[in-house]
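Residue numbers for the sequence shown, in mature numbering (1 follows the signal peptide of the UniProt record, and there is no 0): -20 to -1, 1 to 179. We put the CB at the ideal spot given by N, CA and C, even for glycine. To start, the structure itself, in structure tokens.
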Amino acid sequence: MTLVLPLVTCLLCFGALTYAETTQRVQCDSTVGSWTVEVHPSWSPNGAKRYLDLVQDGFFDDSPLFRAIPGFLVQFGISMKPSMNEKWDSNIQDDPFPMQVDMKKGIMAFAGYGKHSRSTQVWIGYDDAAGLGDSPWETPFGEVIEGMSNVDNIYGGYGDKPDQEKLHSLGRKYVEENFPKLDFIKKCFLVASAVEKKQ
């Protein structure tokens, strides 16, 4: 037994290293269908880690796609479970902007409001550039590589109307009573690293 434990420890350490450095793929199933995200830690180390940690913890499961503006973006990242919002309330540090990444349709980044303000809210860009990526917290961490047509079909009739504070405090009841047409993410989960996919 004394020989096995160090080996397990080393394997866990190696897993943590590759998780942080390897391009990962995440599938999100929703009420409009599924899409696949390719996450690039090299683009935004802090942002990619936070997104993958949220996925692994089930944070996005059963959460509303509460802000959808055609030609601009769709935003999500408020859990219907108050305990989840409280658990992940802390912000992460900004990442340097990767100059080699184009702000194209399907690009993903965290929403924010100032320096080091990224927390749980994420957006997917609907069109190339569209005025996104100008702020230091809008460092892209990934891109939708499959199923963007489903993302395009997310209901956008409410625009900016859903109140984020009420989403936090009232949860699903607020959505059902005021915005019954909102689409939801059913579940997001890690499917494989890009390296594993190619094998």
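Cβ-based burial, residue i [other Cβ within 10 Å; buried from 16]
i, result
"residue 66", "exposed"
"residue 75", "buried"
"residue 96", "exposed"
"residue -11", "Any reading at residue -11 needs caution, since the residue's pLDDT is 40, under 50, leaving its predicted position unreliable; the model's value is listed next. By the 10 Å Cβ count, residue -11 comes out exposed."
"residue 125", "exposed"
"residue 157", "exposed"
"residue 169", "exposed"
Of the listed residues the options, nearest to residue i (C-alpha basis)
i, options, result
"residue 59", "162, 100, 11", "100"
"residue 165", "154, 158, 131, 116", "131"
"residue 138", "32, 7, 50", "50"
"residue 64", "159, 151, 171, 156", "151"
"residue 121", "146, 88, 136", "88"
"residue 160", "115, 44, 62", "44"
For residue i: DSSP bridge partner residues
i, result
"residue 7", "16, 169"
"residue 105", "53"
"residue 43", "165"
"residue 90", "102"
Which of helix, strand or coil DSSP assigns to residue i
i, result
"residue 155", "helix"
"residue 131", "helix"
"residue 27", "helix"
"residue 35", "helix"
"residue 145", "helix"
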